[in-house]
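A.B. asks: Residue numbers (this note's numbering), protein chains in the order written: chain A, 1 to 215; chain B, 216 to 430; chain C, 431 to 645; chain D, 646 to 860.
By construction, the Cβ of each residue, glycine as well, lies at the ideal position given by its N, Cα and C atoms.
Can you keep this structure in mind? I'll have questions shortly.
Number of protein chains: 4
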Amino acid sequence: MMQMTSTQAGAPTSNRHARQRTRTRERLLEAARDVLAREGAQATTIADITRAADVGVGTFYLHFRDKDDLLHHLLEEGLERLREDVSGVVAPMPLARSLPTAIHAICDALFTHRAIIRIAYSSGSFVDLTRRGQEMLATYLRCAIEAAQEEGLASKSIDAPLVADLVSGMILQSALWWGEHAEPAPDRMARQIITLLRGELPAALFEASFQRDIS
Amino acid sequence: MMQMTSTQAGAPTSNRHARQRTRTRERLLEAARDVLAREGAQATTIADITRAADVGVGTFYLHFRDKDDLLHHLLEEGLERLREDVSGVVAPMPLARSLPTAIHAICDALFTHRAIIRIAYSSGSFVDLTRRGQEMLATYLRCAIEAAQEEGLASKSIDAPLVADLVSGMILQSALWWGEHAEPAPDRMARQIITLLRGELPAALFEASFQRDIS
Amino acid sequence: MMQMTSTQAGAPTSNRHARQRTRTRERLLEAARDVLAREGAQATTIADITRAADVGVGTFYLHFRDKDDLLHHLLEEGLERLREDVSGVVAPMPLARSLPTAIHAICDALFTHRAIIRIAYSSGSFVDLTRRGQEMLATYLRCAIEAAQEEGLASKSIDAPLVADLVSGMILQSALWWGEHAEPAPDRMARQIITLLRGELPAALFEASFQRDIS
Amino acid sequence: MMQMTSTQAGAPTSNRHARQRTRTRERLLEAARDVLAREGAQATTIADITRAADVGVGTFYLHFRDKDDLLHHLLEEGLERLREDVSGVVAPMPLARSLPTAIHAICDALFTHRAIIRIAYSSGSFVDLTRRGQEMLATYLRCAIEAAQEEGLASKSIDAPLVADLVSGMILQSALWWGEHAEPAPDRMARQIITLLRGELPAALFEASFQRDIS
DNA sequence: CATGAATGAGACTTCATTCAT
DNA sequence: AATGAATGAAGTCTCATTCAT
């Protein structure tokens with residue numbers, strides 16, 4: 001490591017090397033995204049990925065410890081981008097008032113990165129790996145609700161963690177919906193979710209004339 | 216095979232065999248449920264399952280073609296039980312008024328069968344196999360909403376299929392919640408979901424003073 | 431064994447049992463012949479055979495030690511029948527003059543039992559199991575030739591064992607021919623072989639004008 | 646893969662790899678020939694072969710799809726060599742006059758490649774795989790006979806396809822003979838076959854005083 | 001740094017054989 | 001005697017990982 005053979009050529013050389021290295025790594029990540037989203041995480045072998053990236057199998061191990069490591073990087077990176085996309089829009093806002101804006105941003109981001117989400121759901125180690133993404137979303141929602149409670153905008157009786165988790169489930173569902181439907185666009189999806197959370201479903205639907213479920 | 220000369224001699228034999236066979240099959244299914252829920256579908260080998268069932272490896276193949284076949288049976292059976300549990304309660308009711316009762320029944324059933332759901336989510340072929348369970352739920356919800364629309368209880372402007380899918384995402388989320396939390400009980404979970412869908416979140420949360428997401 | 435429960439019923443009972451046993455054994459042998467000839471010895475499992483015979487798997491082992499034992503019996507029996515069919519015709523004749531009659535009888539027998547021969551050839555342990563059948567034929571031919579030599583009918587310079595073996599190869603070839611062609615009938619096949627052995631092919635075919643193979 | 650920037654750097658690498666790969670493949674083929682001829686195709690496992698070749702089990706699958714694929718290659722290659730050895734000698738000759746030369750060449754080739762023939766006969770899928778080799782020989786013989794018929798050297802009444810097949814059976818028998826005897830050398834074997842086909846066996850052998858086979 | 005042939009642990013699957021009924 | 005569910009040894013095959021070049 002740190003090849004000290006020629007001091008003067010060291011810097012440019014290692015720069016070139018570093019650039020080359022980064023380029024190869026990117027090639028691998030991109031190929032992995034493609035193949036994994038298409039074939040599913042289980043069915044994909046390291047050889048599939050290196051073939052798609054047009055590098056040797058051994059090269060994979062110069063950049064990632066194993067498939068889990070790659071998956072980790074991929075999802076981590078995807079998560080980070082999702083977070084950036086959303087927080088870039090939401091961060092400057094007062095938390096308690098950011099919800100509708102956030103939902104729009106989240107839908108946009110989910111739509112943009114739906115390939116990554118497909119990978120997460122197909123990765124089998126789903127519950128472990130994917131849960132983190134959901135937690136990130138749920139955490140934001142919990143904070144927003146709690147902030148609203150602090151400001152007196154929302155009743156303190158709301159169970160913020162649970163409600164946040166349930167809502168995150170609803171929102172993530174849209175990513176799965178896009179796995180099978182082209183419509184609606186993220187914008188309309190967001191509005192749909194907001195309308196639903198505002199109580200779109202009429203009270204009548206929930207007034208059971210005779211309730212047998214008291215058991 | 217040829218002992219059909221005496222009906223009372225032939226039948227017992229094949230009955231005994233059949234009973235023994237069924238017992239072994241049940242042992243396998245039960246062991247599989249345990250191990251799969253604990254270790255995840257991917258990490259579980261056939262040997263793990265037969266060891267837990269205390270039968271020989273070969274025995275597995277007397278009852279299932281391969282792991283996928285087992286998974287299929289397990290999920291199919293789980294789904295069927297879920298469906299029965301819910302429809303036993305809901306079927307006699309007018310569809311348009313069954314929603315709250317149904318949500319309670321669903322939460323009960325999801326809680327009871329949460330092991331199966333964990334398996335479904337970890338099965339990797341998740342998107343393919345599990346989706347069916349979700350569809351069953353979404354289909355019920357869609358029908359309920361549409362029935363309400365027919366009766367004039369709900370606005371015709373509601374996008375029933377999409378709303379049903381989103382709500383199914385929220386409800387299923389409760390099963391994942393129970394993967395990590397003991398509370399709340401199914402009963403309170405159902406009420407929480409209903410409250411949420413009735414518009415528990417205050418309008419104020421959705422009134423963004425300044426919306427930047429118009430793009 | 432030898433159930434001595436009732437002395438007076440002993441004989442008839444064991445007779446019935448013996449007959450039953452023999453019948454089952456025949457059923458197994460017949461089923462085996464069918465399945466083996468159709469599927470090939472390698473591809474056939476014990477279960478295939480017992481299924482075709484409509485008996486339990488365990489029953490197989492009451493009659494044969496294992497598949498090799500069955501194969502052995504089957505081929506042994508087939509060989510024996512071939513031998514009987516042929517020697518029934520040939521035995522009463524003076525050996526040195528039996529050849530044409532024998533060839534006719536052999537062709538008849540090969541045609542009749544061509545299923546067994548197919549099994550022998552497909553049995554993979556061919557060289558070991560089948561060779562015996564060939565040897566039986568070669569041995570007869572050798573004896574016939576040697577008898578002719580004794581009587582001065584044939585030159586003593588003929589290498590009887592080798593010639594017998596080569597001729598047995600030619601004759602057995604007809605069984606393989608019948609695996610793919612319906613014609614000619616055994617009778618004409620025998621005549622063809624005899625004609626060939628009598629030097630049907632003209633001398634001209636063997637007079638190479640320029641022989642380069644002297645090496 | 647990407648090192649095509651410099652021709653002199655890229656080629657050596659892939660050349661080296663290719664050479665190494667070929668060497669391993671040859672090792673496998675050679676080991677397979679040995680083991681298969683010794684143990685028979687059925688009794689031989691992949692592990693037996695890789696052990697003999699002193700490579701890892703997985704390596705086998707880098708070069709062959711499965712045992713059938715290997716067998717196919719082995720027999721195909723063997724057949725091809727047989728064909729080359731024979732046609733190298735026979736091709737320049739007029740077909741109708743090539744027979745004795747061909748028989749010598751065939752015996753030489755059968756003797757040289759008797760290991761392959763032993764494998765073919767033990768391969769169980771014998772009838773399917775081996776038949777092709779026989780057909781090749783039978784086809785040559787048929788053509789030679791037909792050519793002789795064309796030239797008026799042989800009677801048109803000869804059933805060329807059948808006779809060719811029978812003769813091929815006799816010739817192939819010599820390969821089996823060599824499985825058990827060291828003598829005679831190919832040269833003498835060829836002469837023996839030719840003598841036999843020229844009608845060595847005396848007419849007396851075929852003059853049955855009383856023929857009972859008219860049936 | 002990159003390569004890809006080689007490796008072998010480990011999962012899958014079959015099927016001859018046993019044995020309780 | 002007959003049955004067929006159960007068994008597990010033995011073989012097949014895959015694929016993550018290493019390493020000489």
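1. Less than 7 Å separating the Cβ of residue 32 (chain A) from some heavy atom of the ligand MG?
2. Can you tell me whether DSSP reads residue 64 (chain A) as helix, strand or coil?
3. For residue 114 (chain A), decide whether its Cβ has a neighbour in chain B, counting only Cβ atoms nearer than 8 Å.
4. Report yes or no: do three or more beta-carbon pairs, one from the segment 620 to 639 of chain C and one from the segment 680 to 691 of chain D, lie closer than 8 Å?
5. Let me know the secondary structure DSSP gives residue 39 (chain A) once reduced to three states.
6. On the three-state DSSP scale, how would you describe residue 94 (chain A)?
7. Show which residues of chain A have a CB atom less than 8 Å away from the CB atom of residue 298 (chain B).
8. Given that residue 822 (chain D) touches chain C, what residues does it touch there, using C-beta distances under 9 Å?
9. Of all Cβ atoms in chain B, is any one closer than 8 Å to the Cβ of residue 231 (chain A)?
10. Cβ of residue 174 (chain A) less than 8 Å from any chain B Cβ?
11. Give me the subset of the segment 193 to 204 of chain A whose CB atoms are less than 8 Å from a CB atom of chain B, sorted by chain position.
12. Less than 8 Å between the CB atoms is what I'm expecting for residue 838 (chain D) and residue 596 (chain C), so what's the real figure, rounded?
13. Going by beta carbon distance, what residues of the same chain come within less than 6 Å of residue 481 (chain C), once the five residues before and after it are set aside?
14. Using the three-state DSSP reduction, which class does residue 337 (chain B) fall into: helix, strand or coil?
15. Name the chain D residues that come within less than 7 Å of residue 583 (chain C), Cβ to Cβ?
16. Out of C:485, C:512, C:490 and C:478, which has the shortest C-alpha to C-alpha gap to residue 605 (chain C)?
17. Roughly how many whole angstroms lie between the Cα atoms of residue 396 (chain B) and residue 404 (chain B)?
18. Would you kindly work out how many angstroms separate the C-alpha atoms of residue 561 (chain C) and residue 591 (chain C), rounded to a whole number?
19. So residue 479 (chain C) is in the alpha helix (DSSP H); what residue range does that whole segment cover?
20. Secondary structure at residue 646 (chain C), three-state DSSP: helix, strand or coil?
21. Checking contacts by CB at 8 Å: is residue 100 (chain A) closer than that to chain B?
22. Let me know if residue 447 (chain C) comes out buried or exposed under the rule of 16 or more other beta-carbons within 10 Å of its beta-carbon.
23. Any Cβ of chain D within less than 8 Å of the Cβ of residue 464 (chain C)?
24. If you draw a straight line from the alpha carbon of residue 809 (chain D) to that of residue 675 (chain D), how long is it in whole angstroms?
25. Going by CA-CA distance only, name the one from A:121, A:149 and A:155 that's closest to residue 96 (chain A).
26. Express the C-alpha separation of residue 76 (chain A) and residue 120 (chain A) in angstroms, rounding to a whole number.
27. Which residue comes first and which comes last in the alpha helix (DSSP H) that contains residue 150 (chain A)?
28. Tell me where the alpha helix (DSSP H) around residue 100 (chain A) begins and ends.
29. Between residue 109 (chain A) and residue 90 (chain A), is the Cβ-Cβ spacing less than 8 Å?
30. Could you tell me whether the Cβ of residue 52 (chain A) comes closer than 8 Å to any Cβ of chain B?
31. Return the residue from the list D:659, D:842, D:717 and D:667 that minimises the CA-CA distance to residue 678 (chain D).
32. Taking 8 Å as the cut-off, decide whether the C-beta atoms of residue 142 (chain A) and residue 37 (chain A) are in contact.
33. Go through its chain and collect everything with a Cβ distance to residue 733 (chain D)'s Cβ below 6 Å, but skip five positions before and after it.
34. Please work out which residues of its chain come closer than 7 Å, Cβ to Cβ, to residue 680 (chain D), disregarding the five sequence neighbours upstream and downstream, and give them in chain order.
35. Show which residues of chain C have a CB atom less than 9 Å away from the CB atom of residue 693 (chain D).
C.D. replies: Quick answer:
1. The model on display carries no ligand, and the ligand MG is accordingly not part of it.
2. Coil.
3. No, because no Cβ of chain B sits closer than 8 Å to the Cβ of residue 114 (chain A).
4. In short, these stretches do not touch, since the Cβ pair count stays below three.
5. Helix at residue 39 (chain A).
6. In the structure shown, residue 94 (chain A) sits in coil (DSSP, three-state: anything other than H, G, I, E or B).
7. Here the premise fails: no neighbours, minimum Cβ distance about 17 Å.
8. Result: 592, 595, 596 and 599.
9. One cannot answer for residue 231 (chain A) here, as it falls past the ends of chain A, which runs 1 to 215.
10. For residue 174 (chain A), the nearest CB of chain B lies under 8 Å from its own CB, placing it at the interface with that chain.
11. The residues in question are 193, 194, 196, 197, 198, 199, 200, 201, 202, 203 and 204.
12. That belief holds up - the Cβ atoms of residue 838 (chain D) and residue 596 (chain C) are roughly 6 Å apart, short of 8 Å.
13. Cβ contact annotation for residue 481 (chain C) (same chain, cutoff 6 Å, sequence separation greater than five): none.
14. The three-state reading of DSSP puts residue 337 (chain B) in helix, counting H, G and I together.
15. Neighbours of residue 583 (chain C) on chain D, chain order: 847, 849 and 850.
16. Checking every option, the nearest Cα to that of residue 605 (chain C) belongs to C:512.
17. One C-alpha to the other measures close to 12 Å.
18. Approximately 15 Å between the Cα atoms of the pair.
19. Unbroken alpha helix (DSSP H) run through residue 479 (chain C): 476 to 483.
20. Within the shown structure, residues of chain C are numbered from 431 to 645, placing residue 646 (chain C) beyond reach of any answer.
21. It does; some Cβ of chain B falls within 8 Å.
22. If you draw a 10 Å sphere on the C-beta of residue 447 (chain C), you find fewer than 16 other C-beta atoms in it, and that means exposed.
23. Judged by the 8 Å Cβ criterion, residue 464 (chain C) is not in contact with chain D.
24. Pairing residue 809 (chain D) with residue 675 (chain D), the inter-Cα distance amounts to about 33 Å.
25. Cα-wise, what sits closest to residue 96 (chain A) is A:149.
26. About 10 Å.
27. Boundaries of the alpha helix (DSSP H) harbouring residue 150 (chain A): 131 to 150, taken from the DSSP string.
28. Start and end: 99 to 112.
29. No, the Cβ-Cβ distance between residue 109 (chain A) and residue 90 (chain A) is not below 8 Å.
30. No, because no Cβ of chain B sits closer than 8 Å to the Cβ of residue 52 (chain A).
31. For the set D:659, D:842, D:717 and D:667, the Cα lying nearest the Cα of residue 678 (chain D) is the one of D:717.
32. Taking 8 Å as the Cβ cut-off, residue 142 (chain A) and residue 37 (chain A) do not qualify as a contacting pair.
33. Cβ-Cβ distances below 6 Å link residue 733 (chain D) to nothing in the same chain once the five nearest sequence neighbours on each side are left out.
34. For residue 680 (chain D), where only same-chain residues beyond five positions count, the Cβ hits under 7 Å are 689, 693, 694 and 697.
35. Residues of chain C passing the Cβ test: none, with the nearest at roughly 16 Å.
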